[in-house]
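Have a look at the structure below, then the notes.
Protein chains: 2
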Amino acid sequence: MLSDKYELKQPLRLPDQVAAILMEELESGTLKPGEMLPPEMELATKFGVSRAVIREALSQLKAEGLLESQQGRGVMVVGRSGRRFFRLEDPEKFNSQSLTHLYELRAILESEAAAMAAARGSTRDVAKLGECVVAMARAVEDDTIGAVPDLDFHRGIAEASGNHHLCELMQFLNDKLLVLIQEAREHSRQNPGVPRQVQKEHEGIYRAIEARNPQKARKETLDHLRMAARRLGLEI
Amino acid sequence: MLSDKYELKQPLRLPDQVAAILMEELESGTLKPGEMLPPEMELATKFGVSRAVIREALSQLKAEGLLESQQGRGVMVVGRSGRRFFRLEDPEKFNSQSLTHLYELRAILESEAAAMAAARGSTRDVAKLGECVVAMARAVEDDTIGAVPDLDFHRGIAEASGNHHLCELMQFLNDKLLVLIQEAREHSRQNPGVPRQVQKEHEGIYRAIEARNPQKARKETLDHLRMAARRLGLEI
DNA sequence: GGAAAGCATGTTGTCAGACAAATATGAGTT
DNA sequence: AACTCATATTTGTCTGACAACATGCTTTCC
Numbered sequence: 066m067l068s069d070k071y072e073l074k075q076p077l078r079l080p081d082q083v084a085a086i087l088m089e090e091l092e093s094g095t096l097k098p099g100e101m102l103p104p105e106m107e108l109a110t111k112f113g114v115s116r117a118v119i120r121e122a123l124s125q126l127k128a129e130g131l132l133e134s135q136q137g138r139g140v141m142v143v144g145r146s147g148r149r150f151f152r153l154e155d156p157e158k159f160n161s162q163s164l165t166h167l168y169e170l171r172a173i174l175e176s177e178a179a180a181m182a183a184a185r186g187s188t189r190d191v192a193k194l195g196e197c198v199v200a201m202a203r204a205v206e207d208d209t210i211g212a213v214p215d216l217d218f219h220r221g222i223a224e225a226s227g228n229h230h231l232c233e234l235m236q237f238l239n240d241k242l243l244v245l246i247q248e249a250r251e252h253s254r255q256n257p258g259v260p261r262q263v264q265k266e267h268e269g270i271y272r273a274i275e276a277r278n279p280q281k282a283r284k285e286t287l288d289h290l291r292m293a294a295r296r297l298g299l300e301i
Numbered sequence: 066m067l068s069d070k071y072e073l074k075q076p077l078r079l080p081d082q083v084a085a086i087l088m089e090e091l092e093s094g095t096l097k098p099g100e101m102l103p104p105e106m107e108l109a110t111k112f113g114v115s116r117a118v119i120r121e122a123l124s125q126l127k128a129e130g131l132l133e134s135q136q137g138r139g140v141m142v143v144g145r146s147g148r149r150f151f152r153l154e155d156p157e158k159f160n161s162q163s164l165t166h167l168y169e170l171r172a173i174l175e176s177e178a179a180a181m182a183a184a185r186g187s188t189r190d191v192a193k194l195g196e197c198v199v200a201m202a203r204a205v206e207d208d209t210i211g212a213v214p215d216l217d218f219h220r221g222i223a224e225a226s227g228n229h230h231l232c233e234l235m236q237f238l239n240d241k242l243l244v245l246i247q248e249a250r251e252h253s254r255q256n257p258g259v260p261r262q263v264q265k266e267h268e269g270i271y272r273a274i275e276a277r278n279p280q281k282a283r284k285e286t287l288d289h290l291r292m293a294a295r296r297l298g299l300e301i
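As given, the protein sequences belong to chains B and U, one line each in that order.
Residue numbers for the first sequence, in my numbering: 66 to 301.
Residue numbers for the second sequence, in my numbering: 66 to 301.
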């Protein structure tokens, strides 16, 4: 039984609850870097759970790089520099402003990626982008869902930037915004004329990259995402 | 002292090994989203470990959002959109190109953050930046280490951007690049004249932000980071 | 015959205890 | 003061057990 001291929610599994509490103490500074955690057995009695539960919780935090354990010594709190992940707040807690910020971040990265793609993308990368544009054009004609080529197009720009970290990060953000993006696409298809407009924007980006014009590629991408955000109802 | 950090080449613990193998299978597509994992007991015999070890491994992957379990049903593979973290490859495996890319990513974000700070940073934020500049100037005069105000300055820019996600992401990247940055600072102090040059660049950024000139803030930051990269020996 | 209730089985969640392995600690010796 | 060694502490791993929940099948009742 977990003590009521820690307002634990029932539905979550015990290790997750314990991990959340410890994480809280880590972020609030109650547990400072370099300090040792109490022994697992002590934590177990303190939280009123078995050692197995404690170990699963610690395992999560260790995997994230927040803690470090050594057999015979104990568990130590490691500083921020040890963090292995960039964690986004839980999507359930996203409010409108948070979403706008996320979208803004994406726009920064994607416009810069487009500029880099124009500056130094391989001809192969650019050719792949061209295929995506053609596929999307066909989707607009047929009035079908152009989701796959659309996603491919945006991923292609990231890859053409030649920066692997940037690519991975954009992939992550896009995954997070996926629901939002799909909503936008659905919304677009219902408004006649919008798909054609979107296609024109995509083609503008593609032409700028193909023409090896970084400035233009950045601007076209920025404009495109600004328009897309407006279509989504986000104030940017 | 210093060897303490590098001495810890601890043999991987069993749960970490199992987690690594499963992660490999997830990324390679051997385990596809929607599929069910074998029961924990089966995995245990397959890997030749106890169920507790398997559970700790699964706990890590569940925390990362790669798996999802339900009592009585089993463990399911979740698609990419479920990922909760943006994971950077292990710092030990960083090669020169990878570092350059990481630095490039940081430059993108920081220059844009500076522009946003100029465009919409609160007067409070800007004032704090001014204090950092003064503190750094004093450090240059005294020839002491200006690490703290320097970090504060860069963090201040991120905060002044008003975008929380951007701020967190920059914090994460800076933590990762911290060793690199400290190296740069040490290198700077040994080369006479460099600290003054750095200070001049910082002041340039600050003046642009204070003057509410986004374009200039972006350019000054970009120039500063480009110079810093060159001082570090990275080809940008 | 069909639908609802109950039972059997499989799976995850949690607990308890045990031992091994590595480390810290302290007493005793040189 | 420094070294040695036995002891205690702590993490790493294993085993077995039971509870909670889900699924499918059987039984029962209309």
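Even glycine gets a Cβ: it sits at the ideal position worked out from N, Cα and C.
Could you tell me the boundaries of the beta strand (DSSP E) in which residue i lies?
i        : result
U/Glu133 : 132-135
B/Val213 : It is not in any beta strand (DSSP E) - B/Val213 instead sits in the alpha helix (DSSP H) that spans 212-225.
What residue does the alpha helix (DSSP H) around residue i start on, and which one ends it?
i        : result
U/Met181 : 161-185
B/Gly258 : Element bounds for B/Gly258: n/a, residue is neither H nor E.
B/Thr209 : Neither: B/Thr209 is in no alpha helix (DSSP H) and is coded neither H nor E.
B/Leu123 : 116-128
Does residue i get closer than 8 Å to chain B when you measure Cβ to Cβ?
i        : result
U/Asn228 : yes
U/Glu169 : yes
U/Ser161 : no
U/Asp240 : yes
U/Ser93  : no
U/Pro279 : no
U/His166 : yes
U/Leu297 : no
U/Ile86  : no
U/Gln82  : no
U/Glu300 : no
U/Ile173 : yes
U/Gln125 : yes
U/Phe150 : yes
Skipping 5 residues on each side, what residues in its chain have a beta carbon closer than 7 Å to that of residue i?
i        : result
U/Ala178 : Ile222, Ala223, Ser226, Leu231, Met235
Could you pull out every residue in the same chain whose Cβ sits closer than 6 Å to the Cβ of residue i, ignoring the five residues on either side in sequence?
i        : result
U/Glu90  : Leu96
B/Met101 : Gly139, Met141
U/Thr286 : Glu175, Ser176, Ala179, Ile270
B/Ala200 : Pro214
B/Leu79  : Val114, Val118
Check residue i in the structure and name its three-state DSSP category.
i        : result
B/Arg149 : coil
U/Gly99  : coil
U/Gly195 : helix
B/Val143 : coil
U/Glu89  : helix
U/Leu299 : coil
B/Leu243 : helix
U/Val263 : helix
B/Pro104 : coil
U/Asp69  : Residue placement at U/Asp69 is flagged as unreliable, the pLDDT there being 35, under the threshold of 50; a coordinate-derived value is accordingly withheld.
U/Arg189 : helix
B/Leu287 : helix
U/Leu231 : helix
B/Ala276 : coil
U/Glu268 : helix
U/Arg203 : helix
Which whole-angstrom value is the C-beta distance of residue i and residue j, which I expect to be below 8 Å?
i        : j        : result
B/Ile119 : B/Leu131 : That belief does not hold up - the Cβ atoms of B/Ile119 and B/Leu131 are roughly 15 Å apart, past 8 Å.
B/Ala182 : B/Ala282 : 7 Å
B/Leu238 : B/Arg171 : 5 Å
B/Val198 : B/His267 : 6 Å
U/Ala122 : B/Gln125 : U/Ala122 to B/Gln125, Cβ: 11 Å. No contact.
U/Leu167 : U/Lys241 : 7 Å
U/Leu299 : U/Thr165 : 5 Å
B/Leu194 : B/Ile274 : 6 Å
Does the CB of residue i have a neighbour CB from chain U at under 8 Å?
i        : result
B/Phe218 : no
B/Ser187 : no
B/Ala128 : yes
B/Ile222 : no
B/Arg283 : no
Excluding the five sequence neighbours on either side, which residues of its own chain have a C-beta within less than 8 Å of the C-beta of residue i, listed in chain order?
i        : result
U/Lys111 : Pro103
U/Glu154 : Ser163
B/Arg145 : Pro98
Using only the heavy atoms of the ligand ZN, determine whether one of them is closer than 7 Å to the beta carbon of residue i.
i        : result
B/Thr110 : Within the structure as shown, the ligand ZN is missing, as the structure has no ligands at all.
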